[in-house]
Amino acid sequence: MIIKSVELETVCGITSKLPDTDKPEVAFAGKSNVGKSSLINGLMNRKALARTSAQPGKTQTINYYNINNCMYLVDLPGYGYAKITLREKEKWGKMIENYLHASRQLRAVFLLIDIRHEPSDNDRQMYDWIVYQGFEPIIIATKSDKISSRQLPNHIKMIQEGLNLKSGTPLFPYSALTKQGKEEIWEFMDELLGF
Ligand code: GDP
């Protein structure tokens, strides 16, 4: 995909109705601080359109980025931030679940996992929700610059085993610093959406 235009078109809060879009959507989920904003900015060739912050847990909205007027990248709220109340956590969970259930245009869900760490209980729950809603999650292992290429196979295995991935599940290491993985992710999305 050659990015010609990018626009943050819709921001949905907890109580907003989700937009009835007429273009295919791909969604990105992951725990706070996993590098989701950095990935989305990287994919869109923007420095800071999606928020990146040192203060995790801030994004409580579902953000729709219109790409080239032909598709949406949908940024789901980051989960698993420790310093929020259980009530808030439940609201976020409902919001994500509702989106996965209700979006008619959703074609694929990317689940981001920090390449350094074993998937958490929240990650596994998110994976299961995605599968339960009928999607086959695509894994992006973020911050790949933080490990050496020698360590890579072991870390990939740790994620595959930690999430109990079905064999053949696509997994892309990605680095926001080097942009490793960016081309592969776009190629995959282009193919998926028939571009
Ligand atoms: P989000 O909360 O998931 O949106 O995460 P952010 O994109 O805001 O990133 C959280 C922190 O991790 C920030 O300090 C980023 O600079 C850093 N970060 C994100 N992606 C990468 C990456 O690929 N490599 C490195 N080294 N740091 C990253």
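Mapping the sequence shown onto full-length UniProt numbering, position 90 (from 1) lands on 103, and the numbers just tick up by one.
The C-beta atom is built at its ideal place from N, Cα and C for all residues, glycine as well.
Between the options, which lies nearest to residue i when the distance is taken from Cα to Cα?
i, options, result
"Phe148", "Gln173, Arg64, Ala115 and Ser157", "Ala115"
"Asp33", "Glu20, Leu86 and Gln118", "Gln118"
"Ser157", "Asn111, Arg137, Asn81 and Leu52", "Leu52"
"Met14", "Met139, Cys83 and Ser133", "Cys83"
"Ile143", "Gln164, Gly43, Ser18 and Cys25", "Gly43"
"Cys25", "Tyr78, Leu62 and Ala121", "Tyr78"
"Met171", "Phe123, Glu196, Tyr187 and Ala154", "Ala154"
"Gly55", "Ile198, Pro150 and Gln73", "Ile198"
"Leu176", "Met202, Pro132 and Asp203", "Pro132"
"Gln164", "Pro186, Thr23, Ser180 and Gly181", "Pro186"
"Thr182", "Pro150, Glu38 and Leu62", "Pro150"
"Asn111", "Ser29, Lys96 and Ser162", "Ser29"
What span of residues does the beta strand (DSSP E) with residue i cover, start to end?
i, result
"Ile27", "No beta strand (DSSP E) contains Ile27, which DSSP labels as neither H nor E."
"Tyr78", "Ile75 to Ile80"
"Gly43", "Glu38 to Gly43"
Between which two residues does the alpha helix (DSSP H) harbouring residue i extend?
i, result
"Ile53", "Lys49 to Leu56"
"Met202", "Lys195 to Leu206"
Exposed or buried, residue i, counting other C-beta atoms within 10 Å across all chains shown (16 or more means buried)?
i, result
"Leu99", "exposed"
"Tyr145", "exposed"
"Lys107", "exposed"
"Lys49", "buried"
"Pro166", "exposed"
"Asp141", "exposed"
"Phe123", "buried"
When DSSP builds the beta bridges, which residues end up paired with residue i?
i, result
"Gly91", "Answer by DSSP bridge pairing: none, since Gly91 is not bridged."
"Pro186", "Ala154"
"Leu86", "Val39 and Tyr78"
"Glu20", "Asn79"
Taking 8 angstroms as the threshold (beta carbon to beta carbon), is residue i in contact with chain D?
i, result
"Glu101", "Here there is only one protein chain, and chain D is not present."
For a test of your reading of the model: does the CB of residue i fall under 7 angstroms from any non-hydrogen atom of the ligand COA? Yes or no.
i, result
"Asn58", "Ligands displayed in this structure: the ligand GDP; the ligand COA is not among them."
Check: Hey, which unbroken runs of the alpha helix (DSSP H) at 4 residues or more fall wholly within the stretch 100-173?
Finding: As for any alpha helix (DSSP H) of minimum length 4 sitting wholly inside the stretch 100-173, the runs are 134-145, ordered along the chain.
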